[in-house]
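Trainee: Here it is, the structure, as structure tokens.
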Amino acid sequence: MIEVTVSKNDSNQRFDRYLKKLFVNAQLSVIYKNIRKKNFKINGKRAHKDDVLKENDIIKMYITDKDYKKWTYDKKVYEFKEKLNIVYEDDNIIIMDKPSGVLTHSASKKDYGNNMVDYMISYLYKEKKVNPKDKTFIPAVVNRLDRNTSGLLIGAKNHDSLIALNEAIRKRKIDKFYLTLVKGKVEDDFEAKFNITKNENKNKIKKSKNGTTILTDFKVLSTNGKFSELECKLITGKTHQIRFSLKNSNHPILGDPKYGDLNINKMFSQLTGEKSQILLAYKLKFNYMDGLEYLNGKEFISNSIDRFNKIRDEVYNEL
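Those letters in the sequence shown? Residues -19 to 299, by the numbering used here.
Structure follows, in structure tokens:
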């Protein structure tokens, strides 16, 4: 018999959903068969699939230790080749600087242990900054950056903060700002609005009359006449939004292999050693969030600003 005490992060969910998360290696038919056979009890009473779990509920599982180990997942701890670059951390959230070339999430099995989510989870487990009693809750990253875009990622360390952050992003209560270098002289701030769809075969987006609307604000920070430094504020948040919008505004990002100018990219790479777009998610601003009110009005800045400025100066002086 296995006995489990429900933690706060595992509470407020249906019992069958809890079991699906807990027994990730078990077929659904096996889970529901064990529920029907009365092999689970909650606080001494027969468990039903639609029972809602509360914190400190006692679950007794009349199954073998062998089956329990076979059905549950193994919380692996992966080693990050570099030290995790933490910009801010408290009991609820963690904000990290993602380097260019690293995935946010795993895209396939070969990426397991080689992405920011796994690095974050490993750090939190190793440092004992998450509750070891949690059986189904796993810390998560709530925003996403392309592999070759660097900058700030937000992680949720508990269930309540995950709900609050996801709701804030849905309601656009977290402002996300990027820095980039583009081809051409940009004299005035502008707004870029397009309707787009995704070309799955090429992993690119394209214009479409009936597609999803993307909207981005661009502010000019500097220019040397040939190239310009822009601050980009996402109003909507779609894959490749900034890169596509700048290409279709005749100011492609330097180094961008999908949407950029091939000739300029070659010179940019030879000068700086960069192999991809120069795009940094450099600032986050939290606005009137429910559940994490202490963050309201706070701004967080990437630790990679100096690196970006160095590349900008090289481009301005040499190209």
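Note that beta-carbon positions come from the ideal geometry of N, C-alpha and C, so glycine has one too.
What's the gap between the Cα of D168 and the Cα of K187?
Mentor: Linking D168 to K187 through their CA atoms gives a straight-line distance of about 24 angstroms.
Trainee: Which runs of the alpha helix (DSSP H) fall wholly inside the segment 128 to 204 and span at least 4 residues, in chain order?
Mentor: 139 to 150
Trainee: Taking the continuous beta strand (DSSP E) assigned at E254, which residues delimit it?
Mentor: Counting along the chain, E254 falls outside any beta strand (DSSP E), and DSSP gives it neither H nor E.
Trainee: Our contact map puts K265 next to D155 with C-beta atoms below 8 angstroms; I'd like the distance itself, whole angstroms only.
Mentor: Confirmed, about 4 angstroms.
Trainee: Evaluate contact between the segment 282 to 295 and the segment 252 to 268, counting only Cβ atoms and requiring at least three cross-stretch pairs below 8 angstroms.
Mentor: yes
Trainee: Distance check for L33 and L(-1), CA to CA, integer angstroms please.
Mentor: 11 angstroms
Trainee: Report the option in N5, G240 and M76 whose CA atom is closest to the CA atom of T52.
Mentor: Here the closest residue by C-alpha is N5.
Trainee: Using a threshold of 8 angstroms, state whether the C-beta atoms of R163 and L234 are closer than that.
Mentor: Looking at the sequence itself, residue 163 is Lys, so the reference to Arg does not match. Yes, these two residues count as a Cβ contact at 8 angstroms.
Trainee: Return the Cβ separation of F174 and I194 in integer angstroms, given the expectation that the two are a contact with Cβ distance under 8 angstroms.
Mentor: 5 angstroms
Trainee: Got a sec? Which residues, its chain only, sit under 8 angstroms from K29 by beta carbon, not counting five neighbours each side?
Mentor: R(-6), F(-5), D(-4), Y12 and I15
Trainee: At the level of alpha carbons, what is the spacing between L242 and D293?
Mentor: 21 angstroms
Trainee: Can you tell me whether DSSP reads D91 as helix, strand or coil?
Mentor: helix
Trainee: For E136, which residues of its own chain have a beta-carbon under 7 angstroms away from its beta-carbon, when the five flanking residues on both sides are left out?
Mentor: Looking at the sequence provided, one finds Ala at residue 136 rather than Glu. I73, P119, A120, V122, L142 and L145, listed in sequence order.
Trainee: Mind pulling the beta strand (DSSP E) runs of 3 or more residues that sit fully within the segment -5 to 59?
Mentor: 20 to 22 and 38 to 41
Trainee: So, I75 versus I149, is the Cβ gap smaller than 8 angstroms?
Mentor: no
Trainee: Can you tell me which of K178, K238, G271 and K153 puts its alpha carbon nearest to the alpha carbon of K213?
Mentor: K153
Trainee: Tell me which residues share the same chain as V166 and place their Cβ nearer than 7 angstroms to its Cβ, disregarding the 5 neighbours each side in the sequence.
Mentor: V200, T203, S208, L210 and H231
Trainee: Exposed or buried, which one is G81 when buried takes at least 16 other CB atoms within 10 Å?
Mentor: exposed
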